[in-house]
Amino acid sequence: MTEQRAVPWELGLIHRMLKREFRALPLLVHTIPTGDLRRGTVVAAHIDLLVQVLRRHRDGQDEFLWPLLRHRLGADTDVLVRMTARNTRLAHSLSRLTSLLISWLDTPDPGTGHRLLGESLRVSATVDEHLYEEETDIFPLIHTHLTRGEWQAVLDNAKAYLRAHPHAFVILGMYLCDATPTEQEEFLASVPADFRAGWAAMGQEEYRRSRALLYPV
1 MTEQRAVPWE LGLIHRMLKR EFRALPLLVH TIPTGDLRRG TVVAAHIDLL
51 VQVLRRHRDG QDEFLWPLLR HRLGADTDVL VRMTARNTRL AHSLSRLTSL
101 LISWLDTPDP GTGHRLLGES LRVSATVDEH LYEEETDIFP LIHTHLTRGE
151 WQAVLDNAKA YLRAHPHAFV ILGMYLCDAT PTEQEEFLAS VPADFRAGWA
201 AMGQEEYRRS RALLYPV
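Counted the way full-length UniProt numbering counts, the sequence shown spans residues 1 to 217.
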């Protein structure tokens, strides 16, 4: 019997979240009043969370996805070489953003704020480009060359990271924000029952509070 092929729809869900949130960063940074450390701390915490999630996404690919695809396609496949190089450039961009964020919190002057805004614009564009290439080149390879079981193992690792994160429900809320009702139902069905119950009991409210703090009326 032919094994069922992977259908990476969950990866599309994660990509939508990352693109949406990183596209919003420049405006969030731009609207911080000069010297307003309280507002700056809120935005900085959000940026730090997004950087953590994106780094884990990238590291999970390095640890689990790329080795599987290299085994199927060969180590010198152009697309994998290109994606590995892009991952490295993305890592450098995130490091620069994090460094500027620390500098801005230490010295919240207009000059540092301007540099932080510029870097947030560059990172937003880099993330868009990176994820677009994944969707164009990598999604079809996942479907063609990975079985559903192999892909599930990659997903299980990502979901274990999500469950263990101290802001797991905030991350989950961002994942589900633009999901269709069917996608929400299927994603929640794929996580352990206790995590799903926690989301229903308190997680949704935690997510709503975090968004209200980040985007006050």
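Even glycine gets a Cβ: it sits at the ideal position worked out from N, Cα and C.
Which residue wins for smallest C-alpha separation from residue i, given the options the options?
i    : options               : result
G111 : E21, P8, H15, H30     : H30
F22  : T107, E63, E129, L11  : E129
E3   : G74, E150, G35, A212  : E150
R72  : P192, H145, V154, A85 : H145
D106 : D48, T41, A85, P181   : T41
L11  : Q52, S103, G60        : G60
R16  : V43, P33, L54, T34    : L54
S95  : Q52, A85, L25, D137   : Q52
Leaving out the 5 sequence neighbours to the left and right, which residues in its chain are closer than 8 Å to residue i when beta-carbon positions are compared?
i    : result
T126 : R89, L90, S93
A45  : none
F64  : A153, V154, N157
R148 : E3, Q4, R5, A6, V7
Just confirm the distance between the C-beta atoms of residue i and residue j, as a whole number of angstroms; I'd bet it's less than 8 Å.
i    : j    : result
Y175 : L13  : 6 Å
L100 : L121 : Between L121 and L100 the Cβ distance is about 12 Å, and since that is not below 8 Å, they are no contact.
P108 : L28  : P108 to L28, Cβ: 15 Å. No contact.
DSSP three-state label for residue i, please.
i    : result
T41  : helix
T31  : coil
T147 : strand
Whose C-beta lies closer than 7 Å to the C-beta of residue i among residues of the same chain, with five residues either side of it excluded?
i    : result
L162 : A168, I171, L172
E98  : According to the sequence provided, residue 98 is Thr. The question's Glu does not apply to it. Here the set comprises V51.
Give every residue of the same chain whose Cβ lies closer than 6 Å to the Cβ of residue i, excluding the five residues on either side of it in the sequence, and list them in chain order.
i    : result
H143 : R5, A6
R196 : L188
Quick one: complete alpha helix (DSSP H) runs, 4+ long, within the segment 59-142? Qualifying alpha helix (DSSP H) stretches, in chain order: 66-73, 78-106, 110-133.
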